Amino acid sequence: MSIPIRTCLALLTVSAASAATPDLHLRFDSPARQFTDSLPLGNGRLGAMIFGGVSEERIVLNEGSLWSGSPEDSDRPDAAQYLPEIRRLLLDGKNVDAERLFVAHFTCLGRGSGGGHGRNLPYGSYQMLANLRLVFPGGDSLPSGYRRELDLATAVARVSYDLAGVHYTREAFVSAPGQAIVIRFTASQPGHISFSVNLDREERANVATSGAGNLIMTGQLNNGTGGNGMKFAVHLAIRSVGGGITAEGVTLRVNRADEATLLVTAATDYLGFAGRRTPDALAAANADLARLADKTYPQLLAAHLADYQALFNRVRISLGAAQPEAEIKFTPVRLTSFAGGAPDPSLAALYFQFGRYLLISSSRPGGLPANLQGIWADGLDTPWNGDWHLNVNVQMNYWPAELANLSDLHQPLFALIDSLQEPGARTAKLYYGAGGWVAHVITNPWGFTAPGEGASWGATATGSAWLCQHLWDHYLFTRDDAFLKTAWPILKGASRFYADVLIEEPKHHWLVTAPANSPENSFRMPGGTVAHLCMGPAFDMQLLRYLFGATIEASKILGVDADFRKELEDKRARLAPTRIGSDGRIMEWLEEYGEPEPTHRHLSHLWGLYPGNEITPQRTPDLAAAARKSLEARGDVSTGWSLAFKINLWARLGDGNRAHRLLSLLLTPVGTAPAQPGVRFNGGSYENLFDAHPPFQIDGNFGGAAAIGEMLLQSHTNAIQLLPALPGAWPEGDVAGLKARGGYEIDLSWKDGKLSRATLHAARAGAASVVYGDKHRDIRVQAGKVYHLNGQLATVN
Ligand code: FUC
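Sequential numbering of the sequence shown, starting at 277, is according to this note's numbering.
Quick look at the structure:
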């Protein structure tokens, strides 16, 4: 087969990019057996999962806005009437009675998320788009030299093998500039590309052929009220060189071609806060395809690489000498041996970059934020509806965004936050009689802001406070005053709500939230009954200290709302403080309740250590010591995202070795870590490095990537801390392009566990305070200048 010259040039660009960086491949020697072994590709909106089957291939297609359900009135009109009584019962220590009243009158109207099964309810569910199925001839023969890999340097998945003397290659990527899934089939001899292709979906879809070599799927999901909801369309086109294409019903057949390329476009008619603004899904999918009409495969690939690498190449990382290619093992083998204690620092580097890859692939400006599964779902009943959980999960998805130099990909989350103001203002009024806006624990593309359907988890009303941390943090990292101006009404509205709802508790006269939960955790009342509903959990109080602090600062910077600032300053000073209990741990609740599940997965009361900043070993050593005790008591083993949370917490405590030990638990093949008594979930990773709650939940991937960054660089105090939690397992390394608050870009190299060089790229003029171990250096920096420091923090050239 002759490869067009432009293809050769494009491939050369690909290998040049990979040669400069340490190994960035997920590698397999067999096809995927299940979704969670397959290779995820995406452009923030369209997703594809490559299984790599030889005789039969199923590629799972996704579209990030494809949700069933529809806008719903989920606010109880009379809820506020019950608030005083719920509060009175809590103030009287009658939490169980308060909880009963909450269940009867203060949960959402309707069935909410349906216990995580909301597909046919108005809440809805994110779901897969379609299966793209391929059948190849010669099905029974066994191939040799089978390889399946995902190259993070190029965001291209490749499957290759030899069969009957012919070498076959499939290459796939999802292009953001082209808004299409592109899959190319080549063989070492002409006339050897033959396969059949069709599209299917378990329900609510029709497939038809269109012209020569095109398939169109259209459908409409359930709106949850007995009607039709969101419409969607998929358009698949085959381009082949040589041979022919025939159609049999809705199956297309490529016969004896020299090469073939599939182009898949897709759209929904979602008109919500950030989706594609089109009333006609099919017209949008057709238009996307039409735009590619005169593009060759090399042009499509080159545009994809230029777009992807502009984001991906911002950070380089190496956590040890690069291994020679021949010695790099297949990813599942690496997972097993790393979990077994074998050193593999480049697996951590790969995992960090995989997290960045996943964010680039699942979150692009103009689209919806990465959901519980990013954009990758197989089937229709996606776990927990594949929604946005606001009591840790969606925030964790964005933990690496700033630090890992993908600040612009934070935008979809900001669009979600923006969209919650209007429904959230209604919820604030109808439940609490309060101003401002609020979001509780779960939300969907339909603007759900009411409490959840259960009191044990759905009463948490600080989802919106935690979301707002992302606005403020984005500002701290970028110092973008124009952004702060647009964020101001959102911060103000969120603070307005909490300032309105705080009540005084009788013992210490602190201001507290009520009703509340320490997310999803339970406690034992003095009589022994188990309850969930409480007042002023440490989580809420830490969040509100942070939110009020950010709003106060923002109002000063913008020179606005001095009266409101004063109100927040007064109320902030009266919030219940973070306290240490009689056993030396951080108190999770206002009282020292008994704990039915001491190893609970949520680490809510340690929010102030990470991602907050009120607990630090330097400024609050007693609280930091208490946080360490709390972490010890929670134990190590937990769900995937909980492991990722703990790694960040240990990194903030400066304990790199403990953080690394937990990283090896996160990178343990799911289900193989020894179970621990009393621990309900045993998380880890799937073969494709997807995080296992279990089931697959992408937050742990993002949380884990953020944690690796936090081990190398922290900036949550006023200082830039270099290598604050470097584990012994990474004695040498290099990282370039991490971001620190204040607008800095930082490069670091170290040897024998010691910093050898640090470079600060200052985006703006100011004072940088740099800390390494017990060394400290203040530098006046100028905008656009670069500063090189040695391990003593002295300036070098
Ligand atoms: C939170 C967690 C669960 C799960 C769910 C999606 O509610 O407590 O473990 O991750 O989100």
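For each residue, glycine too, the CB sits at the ideal point set by N, CA and C. Computed from a predicted structure; not experimentally measured.
Here the segment 993 to 1009 does not lie against the segment 647 to 665, with fewer than 3 beta-carbon pairs under 8 Å apart. Pairing A536 with I457 gives a Cβ-Cβ distance that is not under 8 Å. By the Cβ neighbour-count rule, R895 is exposed, with fewer than 16 other Cβ atoms within 10 Å of its own. Closest in C-alpha terms to S594, from the list T948, V1011, R1017 and K1015, comes V1011. Not one heavy atom of the ligand FUC lies closer than 7 Å to the C-beta of N673. DSSP places V1057 in the uninterrupted beta strand (DSSP E) bounded by K1051 to V1057.
In the DSSP assignment, the residues bridged to S420 are D438.
Restricting attention to beta strand (DSSP E) runs no shorter than 3 residues, the segment 1007 to 1038 encloses them at 1009 to 1016, 1020 to 1027 and 1030 to 1038, ordered along the chain. Taking 7 Å as the cut-off, one finds at least one heavy atom of the ligand FUC near enough to the beta carbon of L648. Per the DSSP secondary-structure output, G870 pairs in a beta bridge with R800. Going by beta carbons, M404 and L767 fall outside the 8 Å limit. In the structure shown, P688 adopts helical secondary structure according to DSSP, grouped into three states.
Here C810 carries a strand assignment [DSSP, helix/strand/coil]. Leaving aside the five residues that flank G318 on each side, the residues in its chain whose CB is nearer than 6 Å to its CB run, in chain order, V450, S637, S638 and I651. In the three-state reduction of the DSSP assignment, A903 falls in the helix class. K507 is bridged by DSSP to Q496.
Per DSSP, reduced to three states, the secondary structure at T430 is coil, with no helix or strand assignment. In terms of side-chain proximity, the C-beta atom of E864 is found no nearer than 7 Å to any non-hydrogen atom of the ligand FUC. Under the three-state reduction of DSSP, F630 is assigned to helix.
In the three-state reduction of the DSSP assignment, Q997 falls in the strand class, which pools E and B.
L337 places its beta carbon less than 8 Å from that of A542. Under the three-state reduction of DSSP, A586 is assigned to helix.
Excluding its 5 nearest sequence neighbours in each direction, A582 has C-beta neighbours in its own chain below 8 Å: P453, listed in chain order. Note that the C-beta distance between H381 and A355 is below 8 Å.
Here the alpha carbon of L576 sits roughly 21 Å from the alpha carbon of L491. Residue pairing by DSSP puts I335 in a beta bridge opposite I326 and L408.
Rounded to the nearest whole angstrom, the C-alpha separation of N673 and H686 is 10 Å. For T544, the shortest C-beta to heavy atom distance toward the ligand FUC is 7 Å or greater. By the C-beta density criterion, G960 is buried, having at least 16 other C-beta atoms within 10 angstroms. Here S798 is buried, its C-beta having at least 16 other C-beta atoms within 10 Å. When DSSP reads this structure, A949 sits in no beta bridge, so it has no partner.
By the Cβ-count criterion, R1040 is exposed, with fewer than 16 other Cβ atoms from all chains shown falling within 10 Å of its own Cβ. The segment 459 to 466 and the segment 383 to 400 do not touch, with fewer than three beta-carbon pairs separated by less than 8 Å. Under the three-state reduction of DSSP, N964 is assigned to coil, being neither helix nor strand. Each of Y573, L366 and L547 was checked against the Cα of A448, and the nearest Cα belongs to Y573. Distance from the Cα of R364 is smallest, within the candidate group I779, A758 and F311, for I779.
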